[in-house]
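Residue numbers (UniProt numbering): 1 to 149.
For reference, the structure is listed below as structure tokens.
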């Protein structure tokens, strides 16, 4: 057994597709604006699907919406939680199923779609489940706000 001791090795990776979008903007202007939906999300896993009486464990459940964001007035967040197997599960709220016709199986797929396929100011189609109804609406993406340090 070899023990490296002094520290942990940490690696970070950026996809080539994302680099192809970001690097030219950084070279030209020194900055890059990321698309921003303005939601907090949770992947619809088996526990979330059961707690929400959903037919399948797929999609991204909206758990919060940022005031003034693209999602405000279009999407509805969950407003309560229930306990399942010792875990607090959000109940209610819209489940995002697709964006511009692309399936959204989980919150990571939604983030990837926004990062690789959209820009601030783009209008996109969002298909979501609210209660027992599937709804499609359009919204215009904003730019991700700066993080204060």
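Virtual Cβ for every residue (Gly too), placed ideally from N, Cα, C.
Apart from the five residues just before and just after residue i, which ones in its own chain have a Cβ nearer than 7 Å to its Cβ?
i, result
"residue 102", "113"
"residue 137", "74 and 126"
Could you compute how far the alpha carbon of residue i sits from the alpha carbon of residue j?
i, j, result
"residue 56", "residue 49", "6 Å"
"residue 134", "residue 98", "11 Å"
"residue 37", "residue 84", "29 Å"
"residue 42", "residue 66", "15 Å"
"residue 39", "residue 90", "14 Å"
"residue 92", "residue 72", "16 Å"
"residue 80", "residue 27", "45 Å"
"residue 131", "residue 51", "13 Å"
"residue 139", "residue 62", "15 Å"
"residue 123", "residue 100", "9 Å"
"residue 120", "residue 33", "7 Å"
Under 8 Å by Cβ, that's how I've got residue i and residue j pegged, so tell me the actual separation to the nearest angstrom.
i, j, result
"residue 59", "residue 82", "Residue 59 to residue 82, Cβ: 18 Å. No contact."
"residue 87", "residue 47", "7 Å"
"residue 118", "residue 35", "4 Å"
"residue 96", "residue 116", "No, residue 96 and residue 116 are not in contact; Cβ-Cβ is about 17 Å, not under 8 Å."
Taking residue i as part of the beta strand (DSSP E), name the residues at either end of that continuous run.
i, result
"residue 88", "87 to 91"
"residue 97", "95 to 99"
"residue 137", "133 to 140"
From which residue to which residue does the alpha helix (DSSP H) around residue i run?
i, result
"residue 114", "107 to 117"
"residue 150", "Outside the modelled stretch of the chain, which goes from 1 to 149, sits residue 150, for which no answer is possible."
Quick one: what's got a C-beta closer than 8 Å to residue i's C-beta in the same chain, skipping five residues either side?
i, result
"residue 129", "54, 59, 94, 95, 97 and 135"
"residue 145", "36"
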